[in-house]
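Protein chains: 2
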Amino acid sequence: MLTSQRRALITARLARDGQLVAKALADELGVSEDTIRRDLRDMAADGLLQRVHGGALPLQPSLPDFAARQEIGDDAKRDLGKKAAGLIKAGQLIFLDGGTTNAQIARALPRNLAVTIATHSPTIAADLVHHAAEVILIGGRLYKHSMVATGSAALAAIGAMRPDIFFLGVTALHPVYGLSTGDFEEAAIKRAIAAQSAETYVAATNEKFGTTSPTGSCLWNDWPD
Amino acid sequence: MLTSQRRALITARLARDGQLVAKALADELGVSEDTIRRDLRDMAADGLLQRVHGGALPLQPSLPDFAARQEIGDDAKRDLGKKAAGLIKAGQLIFLDGGTTNAQIARALPRNLAVTIATHSPTIAADLVHHAAEVILIGGRLYKHSMVATGSAALAAIGAMRPDIFFLGVTALHPVYGLSTGDFEEAAIKRAIAAQSAETYVAATNEKFGTTSPTGSCLWNDWPD
DNA sequence: CAGAAACATGCAAAATATCGCAGAGTCAAG
DNA sequence: CTTGACTCTGCGATATTTTGCATGTTTCTG
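Read top to bottom, the protein sequences are chains A and B. The numbering of the first sequence is our numbering, which starts it at 1 and goes up by one. The numbering of the second sequence is our numbering, which starts it at 1001 and goes up by one.
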């Protein structure tokens, strides 16, 4: 990403969100905080924004529902996404399962990280438009409840790859009943991906713990972390 | 490659990508960075682009990305989408190409219509969440500029189906040069789908008429309507 | 007040830009 | 066909910009 584009993005973000956090943008763009701070300092000197501790504000504070936007993003999930994205290293082949939690991983991925992301979720693929990452879309019959491709076509495509890491999404996670998901066929897909992958991580927020999925299809009964 | 051709390509790339990195283009064309830089310097002096450190930007930052283009609800396109959706009958297998125009077709589709929609565009698949239609997602390597799956995996999946109607998206449409699209591989995919389909319709708004895609890959030189 | 986070500053490495120059190619007049 | 003017291109030397890191300082928070 070019320097001038980054500054244009800062302006756009300020107009859209009414605020900007330096560290968050640094992580998102995959540059150091110093670089963002320098941008903000220079732009403030040019009178393009108002510099504040931790980030920047637009010159004339945008009135729109700042609070509403703030609530949209689930902080816990976003933090989890950021942490999970930290496990990903350049050059790896990553498989991202569907679900909102994994969507946060995709969004938290540094934009310039050179990795290959495979996914059978069209929504996650769409979230990766702005990233440098190569995206491999797995096709198949779309199971709309979870927005993931299923069926034999998906299984065949999965069988042809060996991901380094698989980020598994679950609907429920129980100390006794293990991981479970609502749909039988979806569970089969998840098992297939895990079988191909060197490592499998489960990204789930606390609310999922101790629950079971009513029509649950058991995935595993034990897992490392 | 001739100098004027190179400069025309620079203009085209700026219009398509909204940015241009000098070193990347130098590597791609097999010329030194000096040559590209000289081009950019001269073109900036002629007011054809905005020179920035590392490359160049269009004068008026064109719609930066697909997402932004998506947002712009063009009334003409919406009407076109509605009209095209009217051609679809229950029970058919429809293939939807990528692009904003075809996204409008997806949205205009009656929610309860029992059809099967095949597409290689994750964004179009995502638009069909709330429809009753069965969705077949074609997988492959994601070509992010148009947000469509490409590559051999996509071609293989396409070869296994016989759509009743294919709604083709084009970037340019010219009475002499025919239909064209920006990317060579994308064009190959479009040809493959059309070959499998009983009927192919081109959905395009007036602005596409009489234009050619600068790095155009010709699709056909004649078409019915 | 103490620890953590954010900040400014200086510095070095890398990337990028500019300049001058020479070789290769083009083109038109002789 | 040859010659000379001209343009384009790549290379080397030098300058500028950008970036990340280390260091010390300031600001925030409990």
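Using N, Cα and C, we set each Cβ at its ideal position, and we do this for glycine too.
Query	Result
Could you check the C-alpha separation between residue 13 of chain A and residue 40 of chain A for me, to the nearest Å?	12 Å
Using a beta-carbon distance below 8 Å, is residue 70 of chain A in contact with chain B?	Its pLDDT being 45, under 50, residue 70 of chain A is placed unreliably by the model, and the measurement read from it follows with that caveat. Judged by the 8 Å Cβ criterion, residue 70 of chain A is not in contact with chain B.
Could you pull the start and end residues of the alpha helix (DSSP H) that residue 1003 of chain B belongs to?	1003 to 1017
Do the CB positions of residue 119 of chain A and residue 93 of chain A come within less than 8 Å of each other?	no
With 8 Å set as the bound, which would you pick, yes or no: does the beta-carbon of residue 1140 of chain B sit closer than that to a beta-carbon of chain A?	yes
Is it a yes or a no for the region 1126 to 1137 of chain B touching the region 1044 to 1055 of chain B, going by three-plus beta-carbon pairs under 8 Å?	no
Identify, in the order they occur along the chain, each residue of the same chain with its Cβ nearer than 7 Å to the Cβ of residue 1033 of chain B, setting aside the five sequence neighbours on each side.	1022, 1023, 1026
Measuring only the C-alpha atoms, how far is residue 86 of chain A from residue 1045 of chain B?	44 Å
Can you tell me the Cα-Cα spacing of residue 88 of chain A and residue 19 of chain A, whole angstroms?	28 Å
Could you pull the DSSP bridge partners for residue 1134 of chain B from this structure?	B/1116
The alpha helix (DSSP H) spanning residue 1078 of chain B covers which residue range?	1075 to 1085
Report buried or exposed for residue 28 of chain A, applying the criterion of at least 16 other Cβ atoms within 10 angstroms of its Cβ.	buried
Between A/112, A/4, A/121, A/111, which has its C-alpha nearest residue 243 of chain A's C-alpha?	The displayed coordinates of chain A run from 1 to 225. Any statement about residue 243 of chain A would go beyond what the structure contains.
I'd like to know whether the C-beta atoms of residue 1106 of chain B and residue 1096 of chain B end up nearer to each other than 8 Å.	yes
Secondary structure at residue 1104 of chain B, three-state DSSP: helix, strand or coil?	helix
Out of B/1005, B/1003, B/1017, point me to the one whose CA is closest to residue 1183 of chain B's CA.	B/1017
By Cβ distance, which residues of its chain are closer than 6 Å to residue 141 of chain A, with the 5 residues on each side in sequence left out?	150, 151
Taking the continuous alpha helix (DSSP H) assigned at residue 233 of chain A, which residues delimit it?	Here chain A has residues from 1 to 225 only, and residue 233 of chain A is not among them.
Below 7 Å CB to CB, which residues in the same chain sit around residue 1154 of chain B once its five sequence neighbours on both sides are set aside?	1120, 1138, 1139, 1140, 1189
Would you list, in chain order, the members of the region 1047 to 1058 of chain B that have their beta-carbon closer than 7 Å to a beta-carbon of chain A?	1052, 1053, 1054, 1055, 1057
Leaving aside the five residues before and after residue 1001 of chain B along the sequence, list all residues of the same chain whose C-beta is less than 7 Å from its C-beta, in chain order.	1029
Is residue 1019 of chain B close to chain A? Criterion is C-beta to C-beta, closer than 8 Å.	yes
Do residue 167 of chain A and residue 126 of chain A have their beta-carbon atoms positioned less than 8 Å apart in this structure?	no
Which residues in chain B sit within 8 Å of residue 2 of chain A, going by Cβ to Cβ distance?	1019, 1021, 1052, 1053, 1054, 1055, 1057
Determine whether the beta carbon atoms of residue 83 of chain A and residue 100 of chain A lie at a separation below 8 Å.	no
Under a three-way DSSP split, which group does residue 1044 of chain B fall into?	helix
Determine, for residue 1137 of chain B, whether the minimum Cβ-Cβ distance to residues of chain A falls below 8 Å.	yes
Which chain A residues sit within Cβ distance under 9 Å of residue 1163 of chain B?	Going along chain A, no residue has its Cβ under 9 Å from residue 1163 of chain B, so there is no contact; the nearest lies around 15 Å.
In terms of residue numbering, what span does the beta strand (DSSP E) encompassing residue 1094 of chain B cover?	1093 to 1096
Which residues mark the beginning and the end of the alpha helix (DSSP H) in which residue 1200 of chain B is found?	Unbroken run through residue 1200 of chain B is the beta strand (DSSP E), 1199 to 1202; no alpha helix (DSSP H).
Can you list the residues of chain B that residue 147 of chain A reaches, using a CB-CB cut of under 9 Å?	1125, 1126, 1129
For a test of the three-state rule: what should DSSP assign to residue 196 of chain A, helix, strand or coil?	helix
Check for me: the alpha helix (DSSP H) holding residue 1124 of chain B runs from which residue to which?	1122 to 1127
In the DSSP assignment, what residue or residues form a beta bridge with residue 1021 of chain B?	B/1055
Just checking: is the beta-carbon of residue 190 of chain A within a distance shorter than 8 Å of some beta-carbon in chain B?	no
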